[in-house]
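Working notes, beginning with the structure itself.
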Amino acid sequence: MPHILPKMRRGASIVGMVYTRMEVIEWAAQRVVDYIAVAIICAAMNETIGFLLNDTARLFRRAFNARMKGSGITALQWRLISYLKRHEGVRQGPLAELIEVEPITLSRMVDRLAEAGLVERHADPTDRRAWQLYLTPRARTLLGEMRRTTDKVSEEATEGLSAAERDQLIALVGRVRCNLSRRDTTKESQTENV
1 MPHILPKMRR GASIVGMVYT RMEVIEWAAQ RVVDYIAVAI ICAAMNETIG
51 FLLNDTARLF RRAFNARMKG SGITALQWRL ISYLKRHEGV RQGPLAELIE
101 VEPITLSRMV DRLAEAGLVE RHADPTDRRA WQLYLTPRAR TLLGEMRRTT
151 DKVSEEATEG LSAAERDQLI ALVGRVRCNL SRRDTTKESQ TENV
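Be aware that the sequence shown starts at 1, since it is given in the UniProt record's numbering, and climbs by one per residue.
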């Protein structure tokens, strides 16, 4: 029995109110109905792959951010640094598109990372108005720590799955991502042809 309705005898009084056994049963039944309704709503939300993937990504980011708090690196900054590792010398505009943030948001992120000594801006030799971005040696060192943190979060997330199930999960999510990427590319090319 919840703490607000202590063990009661028939006709017992709480703060001047008298509860009969039937009222207590009705109250408890309503709580059960409320809990079942919440469970049904949660189950219905979890049935969609989009919700599951988005919620899982949110939990990954939260776990990563909690573990990397001491370094001052967030999951979004990790994403920026990871893309920059593969695309060193990229301009800010294309990088903003790659990580799907507004250019002004990326500019602020790069400012913070530059202040932290993780990213350097170099003038683009072909366009003096543009900047190319490069990782610093300190960022390369931090990449190892971030990779270990990501691996640890992934291990925790897939705890209880066999190696074959993990491989299958990666393959299936990869196919879903590929399908959606292909649709985005097709949609963009159709828009450009109009």
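Every residue gets a Cβ at the ideal spot worked out from N, C-alpha and C, and that includes glycine.
Would you call the stretch 117-128 and the stretch 158-172 in contact, with 3 or more CB pairs under 8 Å?
No, the stretch 117-128 is not in contact with the stretch 158-172.
Within a Cβ cutoff of 8 Å, which residues of the same chain sit near leucine 53, ignoring the five residues on either side of it in sequence?
By one-based count along the sequence shown, residue 53 stands at place 53. The beta carbon of leucine 53 is closer than 8 Å to those of Val173 and Val176 in its chain, skipping five residues each way along the sequence.
Is it the case that the Cβ atoms of threonine 74 and asparagine 65 are separated by a distance below 8 Å?
Along the sequence shown, read from residue 1 onward, the residue named residue 74 stands at position 74. Along the sequence shown, read from residue 1 onward, the residue named residue 65 stands at position 65. Cβ atoms of threonine 74 and asparagine 65: closer than 8 Å.
In terms of residues, what are the limits of the beta strand (DSSP E) holding residue 200?
Outside the shown range of the chain (1 to 194) lies residue 200, about which nothing can therefore be said.
Restricting to Cα atoms, I'd like to know which of Val24, Arg79, Thr158 and Val153 is closest to valine 101.
Mapped onto the sequence shown, residue 101 falls at position 101. When Val24, Arg79, Thr158 and Val153 are compared, the shortest CA-CA separation from valine 101 is found for Arg79.
Going along the chain, which residues of its own chain have a beta-carbon closer than 7 Å to the beta-carbon of threonine 149, five neighbours each way excluded?
Here residue 149 is taken as the residue at index 149 of the sequence shown, counted from 1. Closer than 7 Å at the Cβ level, and outside the excluded window around threonine 149, lie Phe64, Arg67 and Met68.
What's the C-alpha gap between alanine 139 and isoleucine 81?
Locating residue 139 in the sequence shown gives position 139, counting from the first residue. Locating residue 81 in the sequence shown gives position 81, counting from the first residue. Answer to the nearest angstrom: the Cα atoms are 8 Å apart.
8 Å contact criterion, which threonine 136 and leucine 161 should meet: CB distance rounded:
If you number the sequence shown from 1, residue 136 lands on position 136. If you number the sequence shown from 1, residue 161 lands on position 161. With a Cβ gap of about 37 Å, threonine 136 and leucine 161 do not count as contacting.
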